[in-house]
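In the numbering used here, the protein residues as written are 26 to 716.
Glycine included, every Cβ here is placed at the ideal spot set by N, Cα and C.
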Amino acid sequence: MKKNILFALFASMTLLTQAQSWTADNGNGTFTNPLFYDEFSDPDIIRVGDDYYLAGTTMHTVPGLVILHSRDLVNWENISYCFDRFDFQDDAFSLKNHKEIYGQGIWAPCIRYANGQFYVFSNMNGKGLQCYTAKDIHGPWTHHNMQGRIYDLGVLFDDDGKIYAIHGYGEVHCTELKADMSGPIEGTDRIIIPEGNGVGEGHHMYKINGMYYLISTDYMPNGRTLCSRSKNIWGPYETRVITADETFGYHAAGITGVPPRGRIMPDGTHFTQPEPDKDATACTNIHQGGIVQDQSGQWWALLMMDFHSIGRTVTLAPMTWQDGWPMLGLEGNLGRAPRTWLKPNTGITVTPHAPYERNEDFNGKTLGRVWQWNHNPDDSKWALKGGRLRLNTMPSDQLMWARNSLTQRVIGPSSIATVELYTKGMKDGDVAGLGNINVPCSWVGIVKENGKLTLRWFDQTKNDTVDMPITLPKQKIWLRCCGEYDKDEMDYAYSTDGETFHNLGCALRLTYQLITFQGSRHALFAFNKDGREGGFAEFDNFTVHESMADRTENIPYGKTIRIINLATGKPMTATKHGVLYDTAPNDKSPQTLFSIIDKGNGQVILQCKDGRYLMSSGLGLAGDVRMTTDPAQAEVFMWQDYLNHEFMLMSMRTHKYIGKSPTTGSPYSMDYSGSDPARRNGAVFKWEETE
26 MKKNILFALF ASMTLLTQAQ SWTADNGNGT FTNPLFYDEF SDPDIIRVGD DYYLAGTTMH
86 TVPGLVILHS RDLVNWENIS YCFDRFDFQD DAFSLKNHKE IYGQGIWAPC IRYANGQFYV
146 FSNMNGKGLQ CYTAKDIHGP WTHHNMQGRI YDLGVLFDDD GKIYAIHGYG EVHCTELKAD
206 MSGPIEGTDR IIIPEGNGVG EGHHMYKING MYYLISTDYM PNGRTLCSRS KNIWGPYETR
266 VITADETFGY HAAGITGVPP RGRIMPDGTH FTQPEPDKDA TACTNIHQGG IVQDQSGQWW
326 ALLMMDFHSI GRTVTLAPMT WQDGWPMLGL EGNLGRAPRT WLKPNTGITV TPHAPYERNE
386 DFNGKTLGRV WQWNHNPDDS KWALKGGRLR LNTMPSDQLM WARNSLTQRV IGPSSIATVE
446 LYTKGMKDGD VAGLGNINVP CSWVGIVKEN GKLTLRWFDQ TKNDTVDMPI TLPKQKIWLR
506 CCGEYDKDEM DYAYSTDGET FHNLGCALRL TYQLITFQGS RHALFAFNKD GREGGFAEFD
566 NFTVHESMAD RTENIPYGKT IRIINLATGK PMTATKHGVL YDTAPNDKSP QTLFSIIDKG
626 NGQVILQCKD GRYLMSSGLG LAGDVRMTTD PAQAEVFMWQ DYLNHEFMLM SMRTHKYIGK
686 SPTTGSPYSM DYSGSDPARR NGAVFKWEET E
């Protein structure tokens, strides 16, 4: 990786305010996955009347067990957490005495509504099954420690009043729960699906038209979503794979390698960051999650995918019932899902909006909902004071052990986070700054020693440190993190005037990891490296700028373009013979020039410069692409936006994609089920505007 790869893009930028944040809503009747371009793991969904509620994993961070609300399944808002702090006294929940719960905490929730109240079930490592109940989704929530070894569960409130928990990996169990949420009913645990049936975990149980349906996910050898069904809760069950291989053209990330334990300590051991296999799916394909039926009767799946260093994100996919099975996708292309599709018909119009407000001026009495603490904070050691966030320093030898680190998830695909740091209250040994709290972690910040300030860049990957003496006459510095998260790259910069930013250190490579089970997170932190309670640091005006959130110009309406196949590197050409083929890279003849004609709701037709239109013959195994002079016969495509001028074209008639094999020499056809993880099977294109 070249040094300053991101700095070259961002150094000239002045302090920016967020003009727009990613929302899946395209504003034209369609949406584009992911629903959120930041982490939201283990999604579970319910509908109550005209309202939809989505619960997700929060692991070791607090507030915990996040709940989002939507009226259209596309635009969401963070409205609640089930608890403000872990209410267990163990030091590990609060990062005390070198104890921690990284990669543990609370995870894989199941949200349900029954008996006039909301239930959120979830496992907590070492504590067993937990349940939170509330009459109002906003809270207050009542905590029930149900204990018992039940995790990654689905819960069904059956018609006869019984409550079932379905759980286990491979060998699937069903256990009855007590109505008062005091625990499982002893002696009711039974195996309902034996090992050997290819069923995984992450269970979601539903009763639909008298049939029991269990949605689960398997990650061996890769992520797949399965459905098991039975006429009886206790079985026997038959199982079918309902989706596999849908990665939306994203390959699996390299997994950070670390030695056993000592895992967050900078002890001189270098972390390994293997090169990813760009042809592998692993768990990048959409898998674990819940399903829901909208007001029109259409079913939808909200599934997650491992999305590189961002973490796990949520996707929305239509479902099609076939022979009594809820298959993911559309008729003619079952098992796959469009990245861009028509919004659900909920009968409710919602103005497009992002789920979180990421910017924070710290002028309020409470923190914004997007913020979470890394483990339980010491509430006596932080405050919102004078329009700033004040963090008092406590002993720590590095960021991952620092208490009261305030975090929020990074937002992709590309974003810049900037914060002001005030150093007046810092004492010797104090360290404060802006970091990426991940494994390995990194940061840029100020260290105070012997009354002097040092600007420091730190990367835990190889314990690299770059120091630079610095003088801050106004006792203030701007710190910046620049991330290209689709490329798993990050850079740090600083400014002493808020206008001109300078890079510090080198560009960092980011990976996914199964240690904290979380993606990259911005962290505002302050600690004392000399093992004592020190002074304090203050933060103000945290801003996030998302350069790619505005997608209104991503479809090149009104432009003359060439269409380059990513797999071959060659432009598409409408041959005089009447078929679609490729040609030399420098060919700019009229047959290589196309216009995109808007048909509404994200749908388009393609017209060649010579006046002909793309169409499918509708005959033959390959679904040949032909040309026609009759616009009424032109094939209507749903434009699939892959960002950076990359796209796919899905036929609205067959729900298959247009593509060309990079190896066989065959012409273009319209029989592709989707993209491969590396985007080199011939179905993904890049457009370039011509003069």
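- Taking one beta carbon from each stretch, the stretch 197–209 and the stretch 170–185 have 3 or more pairs nearer than 8 Å; the two touch.
- Relative to Phe662, the option among Gly648, Thr525, Asn222 and Ile683 whose CA is nearest is Ile683.
- Rounded to whole angstroms, the separation of the alpha carbons of Glu571 and Tyr447 is 25 Å.
- Inclusion of Arg72 and Val317 in the CB contact set at 8 Å is warranted, their separation being smaller than that value.
- If you draw a straight line from the Cα of Arg137 to the Cα of Phe387, it comes to about 35 Å.
- With a cutoff of 8 Å on beta-carbon distance, Leu605 and Val709 are scored as not near each other.
- When DSSP reads this structure, His229 sits in a beta bridge with Ile240.
- DSSP lists Pro351 as the beta-bridge partner residues of Trp346.
- DSSP places Phe65 outside any beta strand (DSSP E), giving it a letter other than H or E.
- The C-alpha of Ser700 is placed about 20 Å away from the C-alpha of Leu639.
- For Val145, the closest of Gly151, Cys156 and Ala139 by C-alpha to C-alpha distance is Cys156.
- Taking a cut-off of 8 Å on C-beta distances, the stretch 119–127 does not touch the stretch 411–418, as fewer than three cross pairs fall below it.
- Residue nearest to Gly225 within the set Asp403, Gly212 and Ile191 is Ile191 (criterion: CA-CA distance).
- DSSP places Ile210 outside both helix and strand once states are collapsed to three, so it counts as coil.
- Sequence-distant Cβ neighbours of Ser255 in its own chain, meaning closer than 7 Å and more than five residues away, are Tyr237, Pro261 and Tyr262.
- Every beta strand (DSSP E) stretch that sits fully inside the stretch 526–580 and reaches 3 residues is listed by chain position as 527–534, 546–553 and 561–571.
- Closest in C-alpha terms to Tyr381, from the list Gly389, Trp396 and Thr374, comes Trp396.
- Annotation for Tyr106: the continuous beta strand (DSSP E) segment containing it runs Trp101 to Phe108.
- Cβ-Cβ distances below 6 Å link Tyr275 to Thr309 in the same chain, with the five nearest sequence neighbours on each side left out; the list follows chain order.
- Nearest C-alpha to Ala703 among Arg678, Met695 and Glu671: Glu671.
- Rounded to whole angstroms, Asn669 and Trp398 show a C-alpha spacing of 34 Å.
- Sequence-distant partners of Phe296 (beyond 5 residues in either direction) whose C-beta falls short of 8 Å from its own C-beta, in its chain, are Thr281, Gly282, Val283, Val464, Pro465, Gln485, Thr486 and Lys487.
- By the 16-neighbour rule on beta-carbons within 10 angstroms, His228 is buried.
- When DSSP states are grouped into helix, strand and coil, Lys410 belongs to the strand group.
- Note on geometry: alpha-carbon atoms of Gln320 and Pro369 lie some 9 Å from one another.
- Here Ala442 has Cys506, His547 and Val569 as same chain residues with Cβ atoms under 6 Å from its own Cβ, once five neighbours each way along the sequence are excluded.
- If you draw a straight line from the Cα of His400 to the Cα of Asp455, it is about 20 Å long.
- Taken through DSSP and simplified to helix, strand or coil, Phe672 comes out as strand.
- For Ile683, the enclosing beta strand (DSSP E) has its first and last residue at Tyr682 to Gly684.
- In this structure the stretch 571–589 does not touch the stretch 526–539; the number of beta carbon pairs closer than 8 Å is below three.
- Per the coordinates, the alpha-carbon of Ala342 lies some 18 Å from the alpha-carbon of Asp63.
- Taken atom to atom, the span from the alpha-carbon of Asp453 to that of Trp407 is near 19 Å.
- Here Asp649 carries a strand assignment [DSSP, helix/strand/coil].
- At a Cβ-Cβ threshold of 8 Å, Cys199 and Ile258 count as neighbours.
- Here the stretch 356–365 does not lie against the stretch 78–85, with fewer than 3 beta-carbon pairs under 8 Å apart.
- Here Tyr447 is bridged, per DSSP, to Lys501 and Glu563.
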